[in-house]
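Residue numbers (the working numbering): 970 to 1108.
Where is the CB? At the ideal position from N, CA and C, for every residue including glycine.
Following this line, the structure appears as structure tokens:
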């Protein structure tokens, strides 16, 4: 969001499309997003939001232990910021299977119970794909 409120991370998947979590946009009408590789070092770029869509099956009244369909797309104007790259997508013939290892990364809280922000520190973990979530976050 604009104005220095650091809330969520995402990934550029096209020259005008940003992938993020649905809970980041729930109940909000973003006018812009601020993006950069390291929020502590500056070099941030403001992008104007032209629209967004939350997965239609994302539950607004979800419980703490279920975040199925927690995915959203944000369309922005002005093209990719300097130095930004589009994340390559995995072709459908290489679909993930239960047990496959994936690396998840983000700048958010280190623990779900934490009230503190991630302070711009990139964290990552290697986890197996769970059967329950397989195919639950497709748009």
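By Cβ distance, which residues of its chain are closer than 7 Å to residue i, with the 5 residues on each side in sequence left out?
i	result
residue 1058	982
Buried or exposed for residue i, please, with buried defined as at least 16 other CB atoms from any protein chain shown within 10 angstroms of its CB.
i	result
residue 1016	buried
residue 989	buried
residue 1000	exposed
residue 1021	buried
Identify, in the order they occur along the chain, each residue of the same chain with its Cβ nearer than 6 Å to the Cβ of residue i, setting aside the five sequence neighbours on each side.
i	result
residue 1065	1098
residue 1093	1072, 1074
Report the option in the options whose CA atom is closest to the CA atom of residue i.
i	options	result
residue 1003	1093, 1050, 1092	1050
residue 1018	1054, 992, 986, 1095	986
residue 980	992, 1042, 1014	1042
residue 1068	977, 1100, 1005	1100
residue 1070	1096, 1005, 978, 1013	1096
DSSP three-state call for residue i: helix, strand or coil?
i	result
residue 1074	strand
residue 1094	strand
residue 1039	coil
residue 1014	strand
Check whether the Cβ atoms of residue i and residue j sit closer than 7 Å, and answer yes or no.
i	j	result
residue 1074	residue 1027	no
residue 994	residue 1040	no
residue 1048	residue 984	yes
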